[in-house]
Structures are given as structure tokens and as C-alpha cells.
Ligand SMILES: [Zn+2]
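Residue numbers (my numbering): 11 to 257.
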């Protein structure tokens with residue numbers, strides 16, 4: 011089974027699973043990729059996810075899709091925002107960390123973030139295939155910070171990472187932010203060590219750092235395809251048994 015993934019911007023992705031359309035953290039879509047996809051195709055169900063309220067993850071333009079959307083699934087912090095209140099509340103599910111929500115098509119589990127909001131693990135109930143989207147969960151190791159703050163960031167990351175030990179996902183989205191410099195893949199390296207993922211798509215790199223995994227990136231005995239999109243509109247087919255091919 012293949013799914014088509016299109017990069018929107020930052021942590022924004024459109025995930026076309028054939029019968030289902032999932033849109034994650036669409037804060038800006040200057041090419042109207044989501045609108046055009048909805049106009050061209052028929053889906054059994056369409057879901058919009060926003061991991062948290064930060065402007066680079068959540069924007070109210072996704073309100074334009076409320077006809078097509080069967081549900082908006084938001085991090086709990088969005089409930090308190092003016093932008094969040096503009097959404098039809100009967101169509102919104104807010105999730106706190108470590109909650110579950112499901113309907114006939116989809117099962118959603120939430121995890122904690124190291125920033126605000128949540129990370130999502132989404133399972134297509136028909137195929138059993140699962141996708142993890144980290145939101146802003148990451149080891150935010152800013153080298154300009156004090157040693158104390160850097161230790162706090164590490165502790166917060168390690169605490170939440172424990173909850174992800176053994177987590178399986180056919181595809182995972184995880185931040186590799188170029189602003190972190192040489193620390194940019196510290197979080198993802200730990201993440202792939204403790205989880206069991208089939209493919210990795212990196213995100214949250216508006217710097218366009220050109221990050222690529224070296225041979226030493228993969229833990230011993232683990233190997234999976236990695237895609238680091240740079241330009242909005244880039245699209246790949248992801249084989250849900252562990253492969254990414256260019257379309
Ligand atoms: Zn962010």
C-alpha cells in the first residue's frame with residue numbers, strides 16, 4: 011500500500027491515503043495544494059490536524075475547508091485561542107496528551123510535546139497503517155542557552171521520549187530544525203533509537219539546512235528511508251512497508 015505525501019511548509023503535510031485525506035499543521039499553503047486536492051478527488055473522510063496553536067503550525071485559513079472536513083483534531087491549547095474559537099466547535103476534537111479518539115475510519119492517540127500541544131499517532135482502521143506526527147516534540151538544544159536551560163530541555167525531551175519507547179509507526183514526521191545548528195538531529199536520533207518506524211520524513215526546517223542522514227545516523231540493525239523536503243509542493247509516494255519513491 012502506498013500513500014502520497016506532499017510538503018506544504020514547516021511541519022505542514024498533506025497525506026493522501028486513497029480513501030482518507032489527512033492534513034497536518036497546515037499554517038501556510040501558498041500553492042493551494044489542499045484546496046486543489048480536495049477539488050480533484052473524492053475521499054471517504056478528510057481530517058485536519060493541528061498539533062498546537064503556534065502560528066507556524068496552526069492558522070485559521072483551514073476553516074475554509076469546513077465543508078470537506080469531517081473533523082478538526084487539535085492540540086488542547088488551541089481551545090483557548092481566538093483563532094480556535096472561530097471553528098465550528100461541533101466539528102472539533104481537542105486532545106490533551108495521552109488521550110485516544112476514534113471514529114469508524116481513524117484512531118488517534120496523542121502524546122505530549124516538549125513545547126505546547128501534542129504529538130499525534132494516527133491509525134487507518136481499514137489498513138492498520140499508522141503515522142506519527144511529532145508536532146513540536148523535540149530535543150530543543152539551543153547552543154546559545156545557559157547550561158541550566160539546556161539541561162531542562164534535555165530532561166523534558168527524555169521524559170516524553172520514555173512514553174514513546176516501542177512505539178510503532180509505518181511513517182513518522184519529526185523536526186530536524188536547522189536553527190539548532192550541529193544539534194539539529196539530536197532529537198530525531200534518540201527518537202529513532204527507541205521507536206520502531208518504517209520511514210522518516212523530517213520537518214520544521216524553514217532554514218532549508220539541507221540536512222541529510224549520514225551512514226552513522228541509523229542505529230545498528232535499523233535502516234529505513236528518509237525524506238527531507240525543502241520546497242513546498244514536493245511530493246513523494248511512501249510505500250507503507252518501508253520505502254519512499256519519487257513520483
Ligand atoms: Zn514549531
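C-beta atoms are modelled at their ideal positions from N, C-alpha and C, and glycine is treated no differently.
Hey, residue i and residue j are a contact pair by Cβ (cut 8 Å); roughly how many whole angstroms apart?
{"i": "residue 76", "j": "residue 101", "result": "7 Å"}
{"i": "residue 73", "j": "residue 96", "result": "6 Å"}
{"i": "residue 127", "j": "residue 85", "result": "3 Å"}
{"i": "residue 121", "j": "residue 131", "result": "7 Å"}
{"i": "residue 88", "j": "residue 68", "result": "6 Å"}
Return yes when the C-beta of residue i is under 7 Å from any heavy atom of ligand 1, and no when it is not.
{"i": "residue 122", "result": "no"}
{"i": "residue 214", "result": "yes"}
{"i": "residue 146", "result": "yes"}
{"i": "residue 36", "result": "no"}
{"i": "residue 143", "result": "no"}
{"i": "residue 52", "result": "no"}
{"i": "residue 67", "result": "yes"}
{"i": "residue 64", "result": "yes"}
Excluding the five sequence neighbours on either side, which residues of its own chain have a C-beta within less than 6 Å of the C-beta of residue i, listed in chain order?
{"i": "residue 48", "result": "78"}
{"i": "residue 34", "result": "23, 59, 143"}
{"i": "residue 162", "result": "none"}
For residue i, which residues in the same chain have their Cβ closer than 8 Å to its Cβ, ignoring the five residues on either side in sequence?
{"i": "residue 114", "result": "135"}
{"i": "residue 124", "result": "146, 147, 148, 149, 150, 163, 166, 167, 170"}
{"i": "residue 193", "result": "149, 151, 152, 153"}
Considering residue i, what are the terminal residues of the alpha helix (DSSP H) in which it resides?
{"i": "residue 199", "result": "196-204"}
{"i": "residue 47", "result": "43-50"}
{"i": "residue 95", "result": "92-95"}
{"i": "residue 246", "result": "Looking at the DSSP string, residue 246 is not in any alpha helix (DSSP H); the run it does join, the beta strand (DSSP E), is 245-249."}
{"i": "residue 230", "result": "Neither: residue 230 is in no alpha helix (DSSP H) and is coded neither H nor E."}
{"i": "residue 216", "result": "Here residue 216 belongs to no alpha helix (DSSP H), and DSSP marks it neither H nor E."}
What are the start and end residues of the beta strand (DSSP E) that includes residue i?
{"i": "residue 141", "result": "140-143"}
{"i": "residue 110", "result": "110-112"}
{"i": "residue 24", "result": "22-26"}
{"i": "residue 31", "result": "30-34"}
Considering only residues of the same chain and omitting the five flanking positions on each side of residue i, which have a CB-CB separation below 7 Å?
{"i": "residue 43", "result": "16, 18, 24, 243"}
{"i": "residue 222", "result": "238"}
Within 8 Å, do at least three Cβ pairs link the region 188-195 to the region 122-139?
no
Would the region 28-44 and the region 105-114 be scored as touching if the rule is three or more Cβ pairs under 8 Å?
no
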